[in-house]
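Numbered by the numbering used here, the letters in the sequence shown go through residues 415 to 686 in order. Here the structure is laid out as structure tokens; the discussion comes afterwards.
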Amino acid sequence: MADTNTARITVANQKGGAGKTTDVIHTGGALAARGYDVLLVDIDYHGGLTCSLGYSDLYYDTDRTTLFDVLDFDQMESVNDIIVEHEEFDILPASEKLANNKNIQTLLEAPKSRERLGMTFDELDTDYDYIIVDTPPSLNVLTDNALVATGNVVIPVIPEKLNANSLQIFAKQLSSLEPAYGGINRLAIVCNRVEQNAEHRNTLEEIKSAYSLPVFEIPKRTDLSQSIGKGVSVFGFGKENKRVEDARELFNEIADLLDDTFEKTPPEEVEA
């Protein structure tokens with residue numbers, strides 16, 4: 415049965431290179447560091463999150479039961495068997511099967527094709543506090559499944575004119591899903607790799623003017639790659655320096671927004 419106390423969030427934008435996977439990992443790390451039980455779900459056919467966190471072997475092993483397989487009505491309960499316990503959070507890894515066009519076409523033509531991921535989440539044995547879904551850089555049935563399953567979205571973008579224009583396309587996709595599947599709450603826009611130049615400054619202002627959403631700015635100088643190279647978020651990273659501290663502060667701000675939105679209190683604060 416579905417746990418109504420679980421906050422489900424999709425991180426999505428159809429344009430590649432927007433920073434989706436990075437935002438998922440570090441936001442998940444921020445929430446896990448507060449004592450929450452967090453599940454990161456990789457439904458991106460590239461498997462970026464899965465491979466970045468050190469599970470490439472699972473991505474390429476198509477002989478095992480995979481995320482694609484458990485989207486089948488008869489295998490949904492098996493989702494509990496394929497979750498990986500990471501040191502910070504649990505992971506539902508992607509599979510190379512998601513990159514198979516024939517598989518995706520089969521899913522697209524299946525009954526309740528865009529509701530499968532949500533139905534799979536309903537079979538989870540663990541009552542997670544947060545589920546965060548990483549998505550492919552395209553508007554396809556996989557991204558739609560994530561949006562329908564969560565009903566909440568954080569939208570990453572690079573603050574350049576061409577990238578910002580993609581927000582309008584993504585907004586139309588959200589609006590096209592809502593009549594059939596219900597409202598999708600736009601939580602925030604995360605502007606990644608922000609530089610101090612005229613194009614980025616102007617684009618940031620345009621985004622803030624066009625969308626009545628919280629806008630987070632992650633500077634390009636922020637050290638986000640070193641920890642991922644070690645298979646952890648900045649919150650699980652052993653190295654301490656000013657850039658790591660800055661990164662933690664930025665993603666803690668996003669975690670604060672999520673806690674406020676979903677009216678959650680970190681377990682560590684409850685115990686205190």
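Beta carbons: idealized from backbone N, C-alpha and C, even for Gly.
- Secondary structure note for Arg657: it is in no beta strand (DSSP E), and the uninterrupted alpha helix (DSSP H) holding it is Lys656 to Thr675.
- For the pair Val438 and Leu467, the CB atoms are not nearer than the 8 Å cut-off.
- Within the DSSP secondary-structure output, Pro633 pairs in a beta bridge with Val608.
- Annotation: Leu591 to Thr424 spans about 14 Å, alpha carbon to alpha carbon.
- Burial state of Arg662 is buried, judged by a 10 Å Cβ sphere holding 16 or more other Cβ atoms.
- Within the stretch 420 to 501, the runs of alpha helix (DSSP H) that reach at least 4 residues and sit entirely inside it are, in chain order, 434 to 447, 462 to 466, 470 to 474 and 481 to 484.
- When C-alpha distances from Asp536 are compared across Ser492, Asp504, Val604 and Asn577, the shortest belongs to Ser492.
- Here Tyr544 carries a strand assignment [DSSP, helix/strand/coil].
- If the five residues before and after Cys465 are omitted, its C-beta is found closer than 7 Å to the C-beta atoms of Tyr473, all from its own chain and listed in chain order.
- The stretch 601 to 614 and the stretch 556 to 573 touch, with three or more beta-carbon pairs separated by less than 8 Å.
- Within the same chain, Cβ atoms closer than 7 Å to the Cβ of Met490 are found at Val484, Met533, Thr534 and Glu537, the five residues on either side in sequence being excluded.
- For the pair Ala444 and Asn666, the CB atoms are nearer than the 8 Å cut-off.
- In the structure shown, Ala508 adopts coil according to DSSP, grouped into three states.
- A distance below 7 Å between beta-carbons, with the five flanking residues on each side excluded, links Pro628 to the following residues of its chain, in chain order: Ala602 and Leu671.
- Secondary structure at Ala602: strand, using DSSP grouped into helix, strand and coil.
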